[in-house]
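For the sequence shown, this note's numbering gives the first residue as 1, with consecutive numbering after it.
Where is the CB? At the ideal position from N, CA and C, for every residue including glycine.
None of these values were measured; they are calculated from a predicted model.
Written below as structure tokens is the structure these notes are about.
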Amino acid sequence: MGCHIVRSILVVLLAGCTNAFQLPSTSINRHVPLQVSPHDVADTHFDLAVIGGGPVGVSAALQAARAPFSKKVILIDAPRASGALMNEATGEDLSLGGPTGLFSKALRDAGKKISVSSLKGMGLRDDSIWNEIVAFCGELASYNSRDAMRQLDYAGVTYVQAHAAFSDSGGSSSLFVTAENNICSTVQADKILLATGSTPFRPGGVPFDGKRVFDSDSINTLGRLPKSVAITGSGIVAIEFAKIFKNLGSDVTLIIRDPIPRNALMKIGLDKDIAATLVADLVRSGIKIERGAQVKKFYVPRDNDRAPIVLDLEAKGGGERSKGEATTLNCDIYIAAVGRKPNTQGLNLQAAGIKVDEYGGILVDSELKATASGNNVYAAGDVVGRPFLASTGMAQGIAAIVSMFKPPSEEEDEEGAEAQCDPDDKLCLAGDLSMTGSNFDPISLASNPFAFPTGVWSSPEASYYGLSTQQCKDMGIDAGEGVALYAECLRGLVFSPNGLLKLVFDKSNGRIMGVHICGDDACELIHYGMELVKSKRTIDDILSNLYSAVTFHEMYRIAAMAAVDEAGARKRRAAAGRALAARNRGSSGD
1 MGCHIVRSIL
11 VVLLAGCTNA
21 FQLPSTSINR
31 HVPLQVSPHD
41 VADTHFDLAV
51 IGGGPVGVSA
61 ALQAARAPFS
71 KKVILIDAPR
81 ASGALMNEAT
91 GEDLSLGGPT
101 GLFSKALRDA
111 GKKISVSSLK
121 GMGLRDDSIW
131 NEIVAFCGEL
141 ASYNSRDAMR
151 QLDYAGVTYV
161 QAHAAFSDSG
171 GSSSLFVTAE
181 NNICSTVQAD
191 KILLATGSTP
201 FRPGGVPFDG
211 KRVFDSDSIN
221 TLGRLPKSVA
231 ITGSGIVAIE
241 FAKIFKNLGS
251 DVTLIIRDPI
261 PRNALMKIGL
271 DKDIAATLVA
281 DLVRSGIKIE
291 RGAQVKKFYV
301 PRDNDRAPIV
311 LDLEAKGGGE
321 RSKGEATTLN
331 CDIYIAAVGR
341 KPNTQGLNLQ
351 AAGIKVDEYG
361 GILVDSELKA
371 TASGNNVYAA
381 GDVVGRPFLA
391 STGMAQGIAA
401 IVSMFKPPSE
411 EEDEEGAEAQ
421 CDPDDKLCLA
431 GDLSMTGSNF
441 DPISLASNPF
451 AFPTGVWSSP
461 EASYYGLSTQ
471 QCKDMGIDAG
481 EGVALYAECL
491 RGLVFSPNGL
501 LKLVFDKSNG
511 RIMGVHICGD
521 DACELIHYGM
531 ELVKSKRTID
541 DILSNLYSAV
551 TFHEMYRIAA
561 MAAVDEAGAR
571 KRRAAAGRAL
581 AARNRGSSGD
């Protein structure tokens, strides 16, 4: 059956979905500026050179090129070398300006809105369905990349698709630029920002091939809809991919070294109840979890890509697994999603006197300045290390631009402003995050629970901001909790009953210390929670607010009510449980 027929069926299926993607009947045909050749910028002098075309590099380049700075900027990016999603027909970098997980997030939404089982029921082949899903994701990525190109063009940023490295003889102001066709040139810049991002950590012994054995980046080259997927990892990315492929109809197995999956999630910052809810959802959705296990050996068929990959499993740290636990696992594809590391390879950092930490991250000070010999090189985003988030990286990139080009008078004003935090207020010290200064260096940023909201783009989503109950106790704060189940509000009961929202508060004054959510739209809902924490709002403040019906935000009030009336909260949860059970039975009874 032709691809145009598959596309027509997908359009029909998506037409009835709320907020569904619309598949264009024709390709996008808009003006997109072409990148220039390294030859065109040979020996050209710029105010700023940005290396890296992800969200950090693009946003920083735009910040510097626009008023009030209005600098002459060049953006140099090597998308193929970084494993970016490419349009092979046109050479277009579909990942330009997009986060590392752009493809996975597009795939996630495709899985939520396209019923693969329905398409299979119509007799469509897996490869036809997969080709359309990938094209679908590619078009979404193209919208983003072309928008980034237009913004760069309008701002007057010069864009070169090439590899850049510090020149052996030019110090920290000279870059040697090489395109894929081996055209080379030298670029001079007063300031340089390194925003080359990160790459997946690849454990030794895993036979990565980009065809059936993938890391969390190379999975974007997957060429078919897999029947079964095995994923090693217990973090955010592993869970995201597990739910993505489950929603696409694959049998999914998560291989987790920790014998208690909830504990593994708590190590990355999730509240214990949020972690337990996520694990329960994984199990409820049919994802199998191999606990306390790791892969000992891989058997990947070389001549038959339809034959299963066989994984030999062993206990965490080696040795035999317990009786009754699986020792082998068959799968169609395998994904290792076990973390990321800064991408500094090939930059020739030593020529500029730039130092890195034990993990390869560029060492920077509180102004994002690296240890370059010319005192003119800055770094931002994943290349400096944790927390490996686009949002924090973009903020760092903009902060670096401000550090480079702000007038001296502003520097003095900021120094005075930083000293105003009360040294006796622990929360002030922990939560007073500024775009520059002592709170924005990578170490403080990664360890500061008030620095940014964290989102898990699984299905359902999970997100949190601020302190957990345990973190409060560790700081000497007598903390309480108020919990609202999604099933306790009408919208949640009808559309998304499995989830919860938790408020963590200081019992002495009712101040909100943290917000933790698992359920639909959690990554959107968390921003209201963030404002509650940052503005030092209390339980009473929440109770005095009026929330529109019928919305998920009603859960904030329900959770606040639970904080002041635990007995009443237990009764409401019991009633919500009965209503949910009745709904699941198809009954309207009590």
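Item                                                                                                                                                                                      : Value
Between which two residues does the beta strand (DSSP E) containing L48 stretch?                                                                                                          : H45 to I51
Which partner residues does D77 have in the DSSP bridge list?                                                                                                                             : Q161
State buried or exposed for N304, treating a residue as buried only when at least 16 other CB atoms are found within 10 Å of its CB.                                                      : exposed
Is A576 helix, strand or coil when you go by DSSP?                                                                                                                                        : helix
Opposite G466 in the DSSP bridges: which residues?                                                                                                                                        : G514
Quick check: the Cα distance between S459 and F388, rounded to an integer number of angstroms?                                                                                            : 21 Å
Along the chain, where does the alpha helix (DSSP H) containing C489 start, and where does it finish?                                                                                     : Note, C489: premise wrong, no alpha helix (DSSP H); not H, not E.
Any idea if K571 is buried or exposed, counting beta-carbon neighbours within 10 angstroms, 16 or more meaning buried?                                                                    : exposed
Closer than 6 Å by C-beta to G577: which residues in its own chain qualify, once you throw out the five before and the five after it? Chain order, please.                                : none
DSSP state of G286, grouped into three classes?                                                                                                                                           : coil
Rounded to whole angstroms, what's the CA-CA distance from I512 to D506? Just pull it up for me.                                                                                          : 7 Å
Assuming contact is defined by CB atoms lying nearer than 7 Å, are V550 and L485 in contact in what I supplied?                                                                           : no
H553 to L525, Cα distance in whole Å?                                                                                                                                                     : 7 Å
Identify, in the order they occur along the chain, each residue of the same chain with its Cβ nearer than 7 Å to the Cβ of Q471, setting aside the five sequence neighbours on each side. : P449
If you run the structure through DSSP and keep just helix, strand and coil, what is V12?                                                                                                  : Note that V12 has pLDDT 37, beneath the 50 cutoff, so the model's placement of it is unreliable and the number below is only indicative. It is helical.
Just tell me which of A337, E325 and N247 has its CA closest to the CA of V237.                                                                                                           : A337
Assuming the contact rule is C-beta atoms closer than 8 Å, T538 and V504 should be a hit. Round their C-beta distance to whole Å, please.                                                 : Not really, about 12 Å apart at Cβ, beyond 8 Å.
Provide the residue span of the beta strand (DSSP E) that contains T371, from first to last.                                                                                              : Where T371 is concerned, there is no enclosing beta strand (DSSP E), given that its DSSP letter is neither H nor E.
What are the boundary residues of the alpha helix (DSSP H) that includes T199?                                                                                                            : From DSSP, T199 is part of no alpha helix (DSSP H) but of the beta strand (DSSP E) over S198 to P200.
Mapping the DSSP letters down to three states, classify T186 as helix, strand or coil.                                                                                                    : strand
Do you know how far the Cα of S128 is from the Cα of E414?                                                                                                                                : Confidence in E414 is poor, its pLDDT being 48 and thus under 50, which makes the residue's placement unreliable; the coordinate value appears in the next sentence. Answer to the nearest angstrom: the Cα atoms are 58 Å apart.
When the Cα atoms are used, what is the spatial distance from M404 to K191?                                                                                                               : 8 Å
What's the call for P207, buried or exposed, on a 16-neighbour Cβ count within 10 Å?                                                                                                      : exposed
Looking at V364: is its Cβ nearer than 7 Å to the Cβ of V384?                                                                                                                             : yes
Do F103 and C137 have their C-beta atoms within less than 7 Å of each other?                                                                                                              : yes
In the DSSP assignment, find the unbroken beta strand (DSSP E) run with T454 in it and report its ends.                                                                                   : T454 to V456
What residue range does the alpha helix (DSSP H) around E320 cover?                                                                                                                       : Here E320 belongs to no alpha helix (DSSP H), and DSSP marks it neither H nor E.
Between which residues of its own chain and G233 is the CB-CB distance below 6 Å, once the five residues before and five after are set aside?                                             : A337 and V338
Could you spell out the range, first to last residue, of the beta strand (DSSP E) harbouring A64?                                                                                         : First-last for A64: P55 to A65, but that is the alpha helix (DSSP H), not the beta strand (DSSP E).
Can you list, in chain order, the residues of its chain with a C-beta nearer than 7 Å to that of G210? Leave out the 5 residues immediately preceding and following it.                   : S218 and T221
Considering only DSSP beta bridges, list what N348 is partnered with.                                                                                                                     : For N348, which the question treats as bridged, DSSP gives no partner whatsoever.
Can you pull the DSSP bridge partners for E481?                                                                                                                                           : V504
Just to confirm before moving on: does the CB-CB distance between I76 and F46 stay below 7 Å?                                                                                             : no
Please name the residue or residues paired with L193 in a DSSP beta bridge.                                                                                                               : V50 and Y378
Drop a sphere of 10 angstroms on the beta-carbon of I334, count the other beta-carbons inside from all chains shown, and report buried for 16 or more, exposed for fewer.                 : Going by the sequence as given, residue 334 is Tyr instead of Ile. So Y334 counts as buried.
So H527 packs on I274, CB below 8 Å; how close in whole Å?                                                                                                                                : In fact, because the Cβ distance is near 17 Å, the residues do not count as touching under 8 Å.
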